[in-house]
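In the numbering used here, the protein residues as written are 1 to 215.
This report concerns only the one structure given below.
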């Protein structure tokens with residue numbers, strides 16, 4: 001399944017959550033960012049998030065995600081160390097943009113950069129006793145080195161992601177974040193199960209690929 005399809009599904013889930021829960025602009029942005037990130041995160045394990053034939057517009061959008069996220073991270077880092085200013089929502093948005101840009105870049109450098117981000121995230125979670133963020137850091141650090149449609153495309157990864165979403169919801173005190181994160185990740189597995197290759201939901205316990213028939 002194309003990355004653009006996963007992204008569209010994730011955005012739709014976030015938009016539905018924004019319409020269902022009491023609306024604020026900040027909460028709507030969070031729902032969409034979390035669901036979009038969740039819908040794409042399973043593909044941190046490989047380069048197949050987008051098809052090989054990508055137009056100039058798609059390339060421009062990817063670069064914008066990457067560089068805008070990196071710029072925001074640098075600015076927020078300076079504000080934190082120079083002014084002691086730190087807002088979780090802004091930091092999550094910057095990290096999400098940067099990771100989305102990295103997700104769709106292939107090769108060794110991409111894998112290393114993603115893993116470094118994961119390790120730094122894990123360290124921050126450890127130093128602030130945030131176990132959910134430690135779990136997210138481990139996921140991000142390890143996923144690039146896994147076989148595509150392997151462990152990140154399993155029910156075990158879904159359970160871990162639900163735990164991460166639960167911790168994020170508790171951290172932000174925003175109702176529905178756990179549900180949105182879990183639904184976004186689940187949507188990726190279901191969508192990939194509609195493809196001929198299917199998904200090994202119970203890997204490595206069971207290496208059978210499960211495919212959902214399209215009526």
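Even for Gly, the Cβ is constructed at its ideal location relative to N, Cα and C.
Contact between the segment 6-25 and the segment 179-199 is established, with three or more Cβ pairs separated by less than 8 Å. Residue range 155-172 is occupied by the alpha helix (DSSP H) that includes residue 169. A residue is called buried once 16 or more other Cβ atoms fall within 10 Å of its Cβ, and residue 87, having fewer, is exposed. Cβ-Cβ separation between residue 175 and residue 21: approximately 6 Å, consistent with a contact (criterion under 8 Å). Assigned with DSSP and collapsed to three states, residue 205 falls in coil, not helix or strand. The C-alpha of residue 140 is placed about 6 Å away from the C-alpha of residue 115. An exposed status is given to residue 24, since fewer than 16 other beta-carbon atoms sit within 10 Å of its beta-carbon. DSSP, reduced to helix, strand and coil, places residue 139 within a helical segment of the structure shown. Around the beta carbon of residue 144, a 10 Å sphere encloses 16 or more other beta carbons of the protein chains shown; the residue is thus reported as buried.
Annotation: residue 178 to residue 40 spans about 16 Å, alpha carbon to alpha carbon.
Bridge partners of residue 34 according to DSSP: none are assigned. Three or more Cβ pairs closer than 8 Å define a contact, and the segment 187-204 falls short of that threshold against the segment 61-75. Of the candidates 34, 207, 211, 211 places its Cα closest to the Cα of residue 198. The criterion of a C-beta distance shorter than 9 Å is satisfied by residue 150 and residue 200.
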